[in-house]
Amino acid sequence: MSREEIAKSYEPQEVEHRWYRYWEEHRLFEAETRSEKDPYCIVIPPPNVTGTLHMGHALNNTLQDILIRYKKMKGFNVLWQPGTDHAGIATQNVVEKDLAAKGTDRHTVGREKFIELVWEWREKYGGLIINQLKRLGCACDWSRERFTMDEGLSRAVREVFVRLYDEGLIYRGDYIINWCPRCHTALADLEVEHEERDSHLYYVRYPLEKGDGHLIVATTRPETLLGDTAVAVNPEDERYQGLSGVHVLLPILDRPIPLIFDRYVDTEFGTGALKITPAHDPYDFEIGETHGLKRIKVIDEDGRMNELAGPYRGMDRFECREKILADLEARGLLEKIEPYRHSVGHCYRCKTMIEPLLSKQWFVRVKPLAEKAIQAVKEGRTKIYPTIWEGVYFDWMENIRDWCISRQIWWGHRIPAWYCEGCGEVVVAKETPETCPACSGKDLIQETDV
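Numbering (this note's numbering), first residue to last: 1141 to 1590.
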């Protein structure tokens, strides 16, 4: 009579593999399509296909696994929906790094070939991630595995985009966005990481256009003064009473700009006089819209000064800052410099300091949506625990800005909009249009953004 020898030590790899294979063969993780049981479902937060799982994924998925198995033992019809995320910017970045190591870039290989290379990356690392989830013992229904660029999900994205566009909730327009000069794309507010930095507050003299004297304006970004179109003060600030109709000269360029009055201006910041650069600051943009100011964009998408920057054209933005400070000092226009600590935004992927830029992008109009979300909490249909955080929630919702959804990258769901080269009509549709509905022209070019 033969006996199977017991291993001298526990071999988790063999045991875990054997049991997981048994679970899969007996389809123990598959949800019932039709069932009288109460349903319990978790859609897995899909891991990015940018590499491998880390300890955070292990913890997060273990907690989900506990809930799924507990509910299954309690008699629920359980579904743990697995999948992976195409992770637009993140995945494009890693593939671009791979190309750079080979001495080339995406522009050299072209869009079509680049997309092929990203799909190859996805096949390699997407499968690795799924295997890691299985090695963790995750009780996912693998028969329902999805990828966020699957055709079904792509159709859903187009459907929702067109629906929101038709409802007036998606629009294309000029607005201040977060721009990454390294990734060459717009970023949503949530994709910007803010860090406290030790910097300086520069006090600059703006000479009066007529007569003697000057106004002193405090700024952390002297390089953007080249795009100033006004200086603003609070109408309640007694220091500036009687100055209505006054113009000052923009330092260095000597361009006359008006002194305007706006209640947004914080009388406690600096001297209470604020330089207004509508093309390079979101709050200045709003003030500019209120007062009908010009938008002068002096920094380009590479983070360099453009042709409107005069003698500073071609300089890196930080190089320009130092040169402008030296020129202000030489002209006697730099009043003083103070240490200043403030929050600075950086790209969440490459950590480059973001540049607020005026840009034509696609946005979701969020105010109507936020109003409904506010009402849901006020009426008790949505509850926030603990209730002390309701104030933070309302503050966030009441001050929310339109959401920039377009990205200047190649990997992702391409925006379903086409431009007619004949008449300029913008056509937003679920399927590729054959002709322009306005002029019947056939020269339609799809939006390159995703």
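C-beta atoms are modelled at their ideal positions from N, C-alpha and C, and glycine is treated no differently.
Given residue i as reference, the closest of the options once Cα atoms are compared
i	options	result
I1540	K1570, R1457, T1572, V1504	V1504
L1193	V1183, D1245, I1269, K1177	I1269
V1568	A1358, H1166, E1291, R1312	R1312
R1547	E1429, V1234, W1502	W1502
D1535	I1397, G1520, I1514	I1514
I1545	A1171, V1297, Y1180, R1275	V1297
K1507	W1543, E1475, G1267, V1386	W1543
L1448	L1393, T1325, A1240	L1393
R1403	E1285, D1424, V1344, T1575	D1424
Y1342	K1476, M1195, G1353, G1485	K1476
K1237	I1208, W1261, Q1272	W1261
L1414	R1345, W1282, A1171, L1207	R1345
P1396	D1421, G1382, T1369	T1369
Y1452	I1464, K1264, E1441	I1464
L1383	E1530, G1351, G1410	G1351
R1444	G1432, D1245, F1458, H1431	F1458
E1595	P1222, K1214, D1281	Because residue 1595 is not part of the residues shown, which for the chain are 1141 to 1590, the question remains open.
D1314	Q1272, V1371, P1496	P1496
V1484	G1410, S1339, E1376	S1339
T1430	G1454, F1401, T1407, D1442	F1401
L1309	F1409, R1167, L1584, L1509	L1509
G1191	D1442, D1467, L1433, V1235	V1235
Assigned secondary structure, residue i (DSSP; H/G/I helix, E/B strand, else coil)
i	result
M1141	Legend: pLDDT at M1141 = 49, less than 50; position of this residue unreliable, value from coordinates given subsequently. In the structure shown, M1141 sits in coil (DSSP, three-state: anything other than H, G, I, E or B).
W1551	coil
D1225	strand
D1589	coil
G1485	strand
N1539	coil
T1360	coil
Y1150	coil
I1545	coil
Y1559	strand
M1195	helix
A1466	helix
R1167	coil
F1401	strand
V1388	strand
I1416	strand
R1444	strand
G1531	helix
P1185	coil
V1438	coil
F1409	coil
R1174	coil
Bridge-paired residues (DSSP) for residue i
i	result
M1455	For M1455, which the question treats as bridged, DSSP gives no partner whatsoever.
N1233	None, per the DSSP bridge assignment.
P1496	N1318
E1335	V1484
G1313	Q1501
L1341	E1478
T1325	C1320
L1433	Answer is none; L1433 lacks a bridge partner.
P1179	N1217
R1286	G1223
Nonlocal neighbours in the same chain, by C-beta distance under 6 Å from residue i, ignoring five residues either side
i	result
A1419	G1367, R1435, I1436, K1437, L1498
N1318	L1327, V1332, I1494
S1283	E1170
T1325	R1547, Q1548, I1549
E1530	I1524
Expected contact under 8 Å - CB spacing of residue i and residue j to nearest Å
i	j	result
L1348	V1388	6 Å
V1258	T1231	6 Å
G1428	I1416	6 Å
H1197	P1187	6 Å
E1335	R1461	Actually they do not touch by this definition, with Cβ atoms about 18 Å apart.
R1189	G1266	One detail in the question is off: residue 1189 reads as Val in this sequence, not Arg. Yes, they are in contact, since the Cβ atoms of V1189 and G1266 sit about 5 Å apart, within 8 Å.
M1289	H1354	Wrong, their Cβ atoms sit about 57 Å apart, outside the cutoff.
R1303	H1482	R1303 to H1482, Cβ: 41 Å. No contact.
Minimum Cβ-Cβ distance from residue i to chain D less than 9 Å
i	result
Q1272	Included in the structure is just one protein chain, with no chain D present.
Own chain, CB closer than 8 Å to residue i, minus 5 neighbours either side, in chain order
i	result
R1554	Q1586, E1587, T1588, D1589, V1590
G1228	R1547, I1549, W1551, G1552, V1590
C1490	N1233, C1320, R1322, C1323
F1216	K1177, D1178, P1179, Y1180
M1141	Reliability of the predicted coordinates at M1141 is poor, the pLDDT of 49 falling under 50, and no value is obtained from them.
K1582	E1574, T1575, C1576
Y1488	L1327, E1331, V1332, E1333
C1579	C1560, G1562, C1563, E1565
E1299	K1570
E1156	R1275, G1277
Spatial neighbours of residue i in its chain, beta-carbon cut-off 7 Å, leaving aside the 5 residues before and after
i	result
L1293	R1286
I1208	I1182, V1218, W1220, A1279
T1492	C1320, P1321, R1322, H1486
V1386	L1348, L1399
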